[in-house]
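Chemist: Before I ask anything, let me first share the structure, which is written out below as C-alpha cells.
Protein chains: 2
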Amino acid sequence: MTSSATSPTNGVDKNKNEEMVATPANCPYQLFNQEVVWNGKWIQTRQVGFKTHTGQVGVWQSVHRNTKPVEASADGVSIIARVRKQGKLYIVLVKQYRIPCGKLCLELPAGLIDAGETAQQAAIRELKEETGYVSGKVVMESKLCFLDPGLTDDSQCLVVVDVDGDAPENQNPVQVLDSTESIEVLLVEQSALMAYVTNLDSSSIVVESTLLAYAMGIQFATI
Amino acid sequence: MTSSATSPTNGVDKNKNEEMVATPANCPYQLFNQEVVWNGKWIQTRQVGFKTHTGQVGVWQSVHRNTKPVEASADGVSIIARVRKQGKLYIVLVKQYRIPCGKLCLELPAGLIDAGETAQQAAIRELKEETGYVSGKVVMESKLCFLDPGLTDDSQCLVVVDVDGDAPENQNPVQVLDSTESIEVLLVEQSALMAYVTNLDSSSIVVESTLLAYAMGIQFATI
Numbered sequence: 001m002t003s004s005a006t007s008p009t010n011g012v013d014k015n016k017n018e019e020m021v022a023t024p025a026n027c028p029y030q031l032f033n034q035e036v037v038w039n040g041k042w043i044q045t046r047q048v049g050f051k052t053h054t055g056q057v058g059v060w061q062s063v064h065r066n067t068k069p070v071e072a073s074a075d076g077v078s079i080i081a082r083v084r085k086q087g088k089l090y091i092v093l094v095k096q097y098r099i100p101c102g103k104l105c106l107e108l109p110a111g112l113i114d115a116g117e118t119a120q121q122a123a124i125r126e127l128k129e130e131t132g133y134v135s136g137k138v139v140m141e142s143k144l145c146f147l148d149p150g151l152t153d154d155s156q157c158l159v160v161v162d163v164d165g166d167a168p169e170n171q172n173p174v175q176v177l178d179s180t181e182s183i184e185v186l187l188v189e190q191s192a193l194m195a196y197v198t199n200l201d202s203s204s205i206v207v208e209s210t211l212l213a214y215a216m217g218i219q220f221a222t223i
Numbered sequence: 001m002t003s004s005a006t007s008p009t010n011g012v013d014k015n016k017n018e019e020m021v022a023t024p025a026n027c028p029y030q031l032f033n034q035e036v037v038w039n040g041k042w043i044q045t046r047q048v049g050f051k052t053h054t055g056q057v058g059v060w061q062s063v064h065r066n067t068k069p070v071e072a073s074a075d076g077v078s079i080i081a082r083v084r085k086q087g088k089l090y091i092v093l094v095k096q097y098r099i100p101c102g103k104l105c106l107e108l109p110a111g112l113i114d115a116g117e118t119a120q121q122a123a124i125r126e127l128k129e130e131t132g133y134v135s136g137k138v139v140m141e142s143k144l145c146f147l148d149p150g151l152t153d154d155s156q157c158l159v160v161v162d163v164d165g166d167a168p169e170n171q172n173p174v175q176v177l178d179s180t181e182s183i184e185v186l187l188v189e190q191s192a193l194m195a196y197v198t199n200l201d202s203s204s205i206v207v208e209s210t211l212l213a214y215a216m217g218i219q220f221a222t223i
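First to last, the protein sequences are chains A and B.
Residue 33 in full-length UniProt numbering sits at position 33 of the first sequence, and the numbers go up by one each step.
Residue 133 in full-length UniProt numbering sits at position 133 of the second sequence, and the numbers go up by one each step.
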C-alpha cells in the first residue's frame, strides 16, 4: 500500500509545498501532508506522505474509527468464552452477516467498548448481549492488539472468560440484541475447533481471522 | 457501526429516493443507496443504507482495498514459519513501523498476493523477502479469513511453512526489501510465544491480532 508514483487526486501533489509532520517515536520515515480525505459518522479515511532516509517517497492511505471513547484502552473486545458443560470444553461462536464482506461470517463474540467501560466489562456485557451466556470469571485479558495494522488502527483486546455451562442461568441462554442485529450462536468443542472451521462451506460462510488463528494455535500447539 | 439516526452528509438522506440493491445471499437486510464516498489509489471508502425486516434503518460505512488481483483467493497472506534449529522450534516474527497505527508493531511475516500468484507462492516469496528465510515446505494453507469484518473485506490466508534452520541457506538469512520497507526479524520459541508477547513494553511496541490469537491458542490448547 505504498507508492513512489503519486498523483494530486489520491496521492501527494509534488507541486504543493510539503507540510511536515513531527516524527513519531520509532518512525523511520519523515511524514508530510497528513490529511483527512473523508470523514463519516463512524469512520474516517486519511492519507499521509512519507519519505525514507534514502529519499524514496510514497503515500499511505488508512481508515480510522470515529467511535472509540477517548479513555478506552482499545476500540473493541473479542471474547474467547470457554463453556464447561457435562465434562466437555466448548468455545462460543457467533454467525452474522457482515455488510463490508458481503458474506455470513463465523466469529468470536465481539463488540466495541462503550464509554466508561473496561475491556473486561465490555467482554462480559457483549457475551451476554450477543449470546445470552453469563460469565462471572475472567481468566485473562490480552494486551492491546491491532486487527489490520497496514490498513487501520482498529484495535481490540482478547478476553478469555469461563462459563459454567451446567449452571441454571446458562441452560437456556437468551440474547439481548440491538434492533438491527441478527446473530446465531453455536458451541463447538475446543478440540474440534480447527476441523469445524476447515470444514465450513466457503460458498455460504467465511471465518474471521482472530478465531481462525486461535484455532490454528490449538491445532499446532504440540505438532 | 450502525445508526438509526442518519444525516445527508454521512448517512442516508431520507428525503432522497432510495436506490435498492439486490439482496445478497444470506443477507438479512434490504440494502439501498450503496455508494463509493472516497476512492484512492490503494483503498476506497463506501457506505450503504440497510433496513431490517422490522423497518429499522441504518447506514454501514466500510473500507476496501483497490489492490486485490481479480483472480486472487485473498488480498494477502500471513505466514506461520516454524523454524527447527538445533532441536528447538521457533516462530519467525517481524517488527515494523505501521503508519496507520502510529506505532512499531510485532507481526507474523505477511504481504499482499501479487497477480498470478497462489497464496502458497506468495507466502514463500514474502517470507524470503521480509525475513530472508527459505522454505520449501508448506504444511497447511488455511481457509480464506477476514481481518476485521465489521470494517473491511480485507482478507488473508494463513500459511504454515516449515523452515530447516540448520540448512546452509538459513544460517545467515538476507532480506530482499522494497526501498521503502524497514523490517526487523526475530525468532521466538513457540513454547515461549505467549510470554514473549505478554512481556512486550506496550509504550514502544504493539502486537498484531493474528499473531496474538495464534499465541493464545498455543497457550490455551491444554488448559
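We put the beta carbon where it would ideally sit given N, CA and C, even for glycine.
Just so you know, these numbers come straight off a predicted model, no measurement behind them.
Would you check if the region 139-155 of chain A and the region 71-87 of chain A touch, i.e. whether three or more CB-CB distances between them fall below 8 Å?
Modeler: Touching, yes, given that three or more Cβ pairs across the two stretches are closer than 8 Å.
Chemist: Here's the rule: buried if 16 or more other CB atoms are within 10 angstroms of the residue's CB, otherwise exposed. What is glycine 49 of chain B?
Modeler: The residue given as residue 49 of chain B occupies position 49 in the second sequence. By the neighbour-count rule (16 or more Cβ atoms within 10 Å), glycine 49 of chain B is buried.
Chemist: Rounded to the nearest angstrom, how far is the Cβ of glycine 165 of chain A from that of arginine 65 of chain A, given a contact under 8 Å?
Modeler: Sequence index remark: in the first sequence, residue 165 of chain A carries index 165 (1-based). Sequence index remark: in the first sequence, residue 65 of chain A carries index 65 (1-based). 34 Å between Cβ atoms; not a contact.
Chemist: Out of curiosity, what's the CA-to-CA distance linking isoleucine 205 of chain B and cysteine 105 of chain B?
Modeler: The residue you call residue 205 of chain B lines up with position 205 of the second sequence. The residue you call residue 105 of chain B lines up with position 105 of the second sequence. Approximately 6 Å, taken between the alpha carbons.
Chemist: Give me the DSSP bridge partner(s) of serine 142 of chain B.
Modeler: What you label residue 142 of chain B is simply residue 142 of the second sequence in a count that begins at 1. In the DSSP output, where bridge partners are listed per residue, serine 142 of chain B has none listed.
Chemist: Please check the pair valine 207 of chain B and glycine 132 of chain B, which I expect to be a contact at CB under 8 Å, by giving their CB distance rounded to whole angstroms.
Modeler: As a working note, residue 207 of chain B is residue 207 in the second sequence. As a working note, residue 132 of chain B is residue 132 in the second sequence. That belief does not hold up - the Cβ atoms of valine 207 of chain B and glycine 132 of chain B are roughly 22 Å apart, past 8 Å.
Chemist: Let me check understanding here. Comparing Cα to Cα, which of A:Tyr97, A:Thr45, A:Glu126 lies closest to valine 174 of chain A?
Modeler: Residue numbering aside, residue 174 of chain A sits at position 174 when the first sequence is read from its first letter. Measuring from the Cα of valine 174 of chain A, the nearest candidate turns out to be A:Glu126.
Chemist: Just checking: is the beta-carbon of glutamate 189 of chain B within a distance shorter than 9 Å of some beta-carbon in chain A?
Modeler: Here residue 189 of chain B is taken as the residue at index 189 of the second sequence, counted from 1. Chain A contact via Cβ: absent.
Chemist: Within this structure, are the beta carbons of tyrosine 97 of chain B and asparagine 26 of chain A separated by less than 9 Å?
Modeler: Here the question's residue 97 of chain B lines up with position 97 in the second sequence. Here the question's residue 26 of chain A lines up with position 26 in the first sequence. Yes, they are a contact pair.
Chemist: What's the call for aspartate 35 of chain A, buried or exposed, on a 16-neighbour Cβ count within 10 Å?
Modeler: One-based indexing of the first sequence puts residue 35 of chain A at position 35. Reading the sequence as shown, one finds glutamate at residue 35 of chain A and not aspartate. With fewer than 16 other Cβ atoms within 10 Å, it is exposed.
Chemist: Cα separation between glycine 102 of chain A and valine 161 of chain B?
Modeler: Taking the first residue of the first sequence as 1, we reach residue 102 of chain A at position 102. Taking the first residue of the second sequence as 1, we reach residue 161 of chain B at position 161. Going by the C-alpha atoms only, they are around 30 Å apart.
Chemist: For residue 247 of chain A, which of helix, strand or coil comes out of DSSP?
Modeler: Only positions 1 to 223 of chain A appear in the structure, and residue 247 of chain A is not among them; the question remains open.
Chemist: With a threshold of 9 Å between beta carbons, is glycine 87 of chain B in contact with chain A?
Modeler: Along the second sequence, read from residue 1 onward, the residue named residue 87 of chain B stands at position 87. By this cut-off, glycine 87 of chain B is not an interface position.
Chemist: Helix, strand or coil, according to DSSP, for residue 224 of chain A in the structure here?
Modeler: Any property of residue 224 of chain A remains undetermined from this structure, which presents chain A solely from 1 to 223.
Chemist: From the beta carbon of valine 59 of chain A, is the nearest beta carbon of chain B less than 9 Å away?
Modeler: By one-based count along the first sequence, residue 59 of chain A stands at place 59. Yes, its Cβ sits closer than 9 Å to a Cβ of chain B.
Chemist: Using the Cβ count rule (16 or more neighbours within 10 Å means buried), how would you classify proline 100 of chain A?
Modeler: As a working mapping, residue 100 of chain A is identified with position 100 in the first sequence. Buried is the call here.
Chemist: Is it right to say valine 176 of chain B is buried, meaning 16 or more other beta carbons lie within 10 angstroms of its own, or is it exposed?
Modeler: Along the second sequence, read from residue 1 onward, the residue named residue 176 of chain B stands at position 176. Exposed is the call here.
Chemist: Identify whether threonine 45 of chain A lies in helix, strand or coil by the three-state DSSP scheme.
Modeler: The count along the first sequence starts at 1 and reaches residue 45 of chain A at position 45. DSSP places threonine 45 of chain A in strand when its eight states are reduced to three.
Chemist: DSSP on serine 179 of chain B, reduced to helix/strand/coil?
Modeler: Along the second sequence, one-based indexing puts residue 179 of chain B at 179. It is coil, neither helix nor strand.
Chemist: Should threonine 198 of chain A be flagged as near chain B, meaning a C-beta pair shorter than 9 Å?
Modeler: Residue numbering aside, residue 198 of chain A sits at position 198 when the first sequence is read from its first letter. So, interface residue.
Chemist: Given a limit of 7 Å on CB to CB distance, which residues of the region 112-130 of chain A reach chain B?
Modeler: Against chain B - using a Cβ distance shorter than 7 Å - the region 112-130 of chain A contributes no residues.
Chemist: Within 10 angstroms of the Cβ of glycine 217 of chain B, are there 16 or more other Cβ atoms? Answer buried if so, exposed if not.
Modeler: Sequence index remark: in the second sequence, residue 217 of chain B carries index 217 (1-based). Glycine 217 of chain B is buried by the Cβ-count criterion.
Chemist: Starting from the Cα of serine 191 of chain A, find the closest Cα among A:Leu89, A:Ser202, A:Thr222, A:Asp154 and give me that residue.
Modeler: Numbered from its first residue, the first sequence carries residue 191 of chain A at position 191. Minimum Cα distance to serine 191 of chain A is reached at A:Leu89.
Chemist: Let me know if aspartate 201 of chain B comes out buried or exposed under the rule of 16 or more other beta-carbons within 10 Å of its beta-carbon.
Modeler: If you number the second sequence from 1, residue 201 of chain B lands on position 201. Burial call: exposed.
Chemist: Tell whether a beta-carbon distance below 9 Å holds between glutamine 47 of chain A and valine 37 of chain A.
Modeler: The residue labelled residue 47 of chain A in the question sits at position 47 within the first sequence. The residue labelled residue 37 of chain A in the question sits at position 37 within the first sequence. Yes, the Cβ-Cβ distance between glutamine 47 of chain A and valine 37 of chain A is below 9 Å.
Chemist: Three-state secondary structure (DSSP) at alanine 110 of chain B?
Modeler: Locating residue 110 of chain B in the second sequence gives position 110, counting from the first residue. In the structure shown, alanine 110 of chain B sits in a strand (DSSP, three-state: E or B).
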